[in-house]
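A.B. asks:
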Amino acid sequence: MNEILIDNTAGVMTITLNRVEKKNSLTGAMYAVMADALDQAQADAAVRAVVFQGHETIFSAGNDIGDFLNAPAATNESPVFRFLRGISTFPKPVIAAVCGPAVGIGTTMLFHCDLVYAGDNAAFSMPFVNLGLCPEAASSYLAPQLMGYGRAAEALLLGEPFLAEAALEMGLISRIVPPAEVAALAQRQAQKLASKPLSSLIETKRLMKKGQASVVAERMLEEGVSFGRMLREPAAREAFTAFMEKRRPDFSTI
Ligand code: COA
162 MNEILIDNTA GVMTITLNRV EKKNSLTGAM YAVMADALDQ AQADAAVRAV VFQGHETIFS
222 AGNDIGDFLN APAATNESPV FRFLRGISTF PKPVIAAVCG PAVGIGTTML FHCDLVYAGD
282 NAAFSMPFVN LGLCPEAASS YLAPQLMGYG RAAEALLLGE PFLAEAALEM GLISRIVPPA
342 EVAALAQRQA QKLASKPLSS LIETKRLMKK GQASVVAERM LEEGVSFGRM LREPAAREAF
402 TAFMEKRRPD FSTI
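Under this note's numbering, read the sequence shown as residues 162 to 415, first letter to last.
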């Protein structure tokens with residue numbers, strides 16, 4: 162079974178996370194497929210918008226923790242960083258349809274989507290500190306910008322989740338609908354985008370993002386260096402091992 166499904170229909174590329182039994186956690190192989198798909202969508206003039214979606218019960222549990230433990234990203238060319246560079250610089254509109262938990266990169270990738278439609282069961286979290294890690298995807302810059310420092314500190318220092326209503330209020334998402342309606346809404350909006358002049362969409366997105374493009378790129382690089390180092394340090398190793406062993410981590414001596 163393909164863990165990432167790619168569909169191209171009527172100008173819209175839909176990328177579906179399809180590893181529900183592991184809560185759509187993302188492996189290196191899955192990031193590689195998504196990064197390649199974004200490259201292809203960028204190059205193909207027939208693709209005018211991209212939709213990311215998960216399942217009605219789960220968007221994504223974030224990075225696969227077994228991968229974090231056994232095959233941590235080693236270089237800036239690792240699939241996860243290729244994917245993050247791809248989505249954060251993608252020139253055409255990107256829509257996400259989010260239901261259920263969106264953990265770690267499941268939330269931070271949304272900072273780089275233009276339209277996010279969420280089910281009323283959506284729950285967003287960035288528990289990097291709880292895993293002995295630090296933010297990625299420029300979330301250390303974009304979360305305080307969007308949420309204000311106080312709420313970003315609750316999300317990033319305490320790792321506390323926030324729900325769809327809070328995400329709507331802060332502008333991370335565009336609309337909340339029942340979970341069964343999220344995917345169809347995302348497709349309808351993507352079809353609307355696909356019928357508009359692509360050059361206008363690209364130029365409008367570029368202008369809207371211009372103020373933050375270079376700082377986002379720079380922050381992602383800096384985060385990536387720290388994240389790559391911290392993946393190998395004792396706090397993270399303890400957190401990952403505890404998750405695999407289904408026990409609470411013990412940071413008392415770390
Ligand atoms: N990496 C690897 N496997 C994961 C995973 C992850 N990030 N998240 C969930 N899974 C696996 C579980 O180990 C479990 O596998 P098993 O059936 O072989 O035991 C299966 O997916 C179901 O997960 P479970 O925790 O039982 O589901 P739940 O509905 O109780 O909870 C979540 C869902 C998303 C809240 C919970 O799985 C979770 O917190 N996952 C970890 C999130 C995380 O810390 N991600 C890293 C962010 S940087």
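Cβ atoms here follow ideal geometry from the backbone N, Cα and C, with glycine treated the same way.
Would you say Ala222 touches the ligand COA, meaning its beta carbon is less than 6 Å from a heavy atom?
C.D. replies: Yes, the beta carbon of Ala222 sits closer than 6 Å to at least one heavy atom of the ligand COA.
A.B. asks: Just confirm the distance between the C-beta atoms of Ala313 and Pro305, as a whole number of angstroms; I'd bet it's less than 8 Å.
C.D. replies: Indeed, because the Cβ distance is near 4 Å, the residues count as touching under 8 Å.
A.B. asks: Would you kindly work out how many angstroms separate the C-alpha atoms of Val241 and Asn224, rounded to a whole number?
C.D. replies: Using only the alpha carbons, I get a separation of about 9 Å.
A.B. asks: Could you tell me whether any non-hydrogen atom of the ligand COA is closer than 6 Å to the CB of Gly215?
C.D. replies: Because no heavy atom of the ligand COA lies under 6 Å away, the Cβ of Gly215 does not count as near it: no.
A.B. asks: In the DSSP assignment, the alpha helix (DSSP H) including Phe229 goes from what residue to what residue?
C.D. replies: Its alpha helix (DSSP H) spans residues Ile226 to Asn231.
A.B. asks: Along the chain, where does the beta strand (DSSP E) containing Gly280 start, and where does it finish?
C.D. replies: Where Gly280 is concerned, the enclosing beta strand (DSSP E) stretches over Leu276 to Gly280.
A.B. asks: Only counting the same chain, and skipping five residues up and downstream in sequence, which positions put a Cβ closer than 7 Å to that of Arg380?
C.D. replies: Contacts found: Ala299, Ser301 and Tyr302.
A.B. asks: Cβ of Ser186 versus every heavy atom of the ligand COA: is any distance shorter than 6 Å?
C.D. replies: Ser186: yes, Cβ under 6 Å from the ligand COA.
A.B. asks: Quick one: what does DSSP say Val208 is sitting in, helix, strand or coil?
C.D. replies: Three-state result, Val208: coil.
A.B. asks: Can you tell which of Val212, Gly172 and Tyr310 has the C-alpha that lies nearest to the C-alpha of Ile165?
C.D. replies: Closest by alpha carbon: Val212.
A.B. asks: Starting from the C-beta of Arg180, find all residues in its chain whose C-beta is less than 6 Å away, skip the five residues before and the five after it, and write them out in chain order.
C.D. replies: Contacts found: Glu164.
A.B. asks: With 16 as the cutoff for other CB atoms within 10 Å, does Asp205 come out buried or exposed?
C.D. replies: It counts as exposed.
A.B. asks: Less than 6 Å separating the Cβ of Ile165 from some heavy atom of the ligand COA?
C.D. replies: Answer for Ile165: no, Cβ out of range of the ligand COA.
A.B. asks: Ala341: which of Ala279, Glu399 and Pro296 sits nearest, CA to CA?
C.D. replies: It is Ala279.
A.B. asks: Taking the alpha-carbon positions, what's the Ala190 to Val376 distance?
C.D. replies: Roughly 28 Å between the two C-alpha positions.
A.B. asks: Terminal residues of the continuous alpha helix (DSSP H) containing Pro340?
C.D. replies: Taken as a continuous stretch (DSSP letters only), the alpha helix (DSSP H) holding Pro340 covers Pro340 to Ala355.
A.B. asks: Is Val264 a contact residue of the ligand COA, with contact defined as CB to any heavy atom under 6 Å?
C.D. replies: Yes, the Cβ of Val264 comes within 6 Å of a heavy atom of the ligand COA.
A.B. asks: What are the boundary residues of the alpha helix (DSSP H) that Met381 is part of?
C.D. replies: Here the alpha helix (DSSP H) through Met381 covers Leu359 to Met391.
A.B. asks: If Ala193 and Ile176 are in contact, beta carbons under 8 Å, what's the gap, nearest whole angstrom?
C.D. replies: Ala193 to Ile176, Cβ: 13 Å. No contact.
A.B. asks: Between Gln350 and Ile256, how many whole angstroms is the CB-CB distance? I'm expecting something under 8 Å.
C.D. replies: Between Ile256 and Gln350 the Cβ distance is about 6 Å, and since that is below 8 Å, they are a contact.
A.B. asks: DSSP three-state label for Met162, please.
C.D. replies: It is coil, neither helix nor strand.
A.B. asks: Let me check understanding here. Comparing Cα to Cα, which of Phe229, Lys253, Ala234 and Phe220 lies closest to Ser156?
C.D. replies: One cannot answer for residue 156 here, as it falls past the ends of the chain, which runs 162 to 415.
A.B. asks: Which residue's Cα is closest to the Cα of Met391: Gln203, Leu230 and Ile167?
C.D. replies: Of the candidates Gln203, Leu230 and Ile167, the one whose C-alpha sits nearest the C-alpha of Met391 is Leu230.
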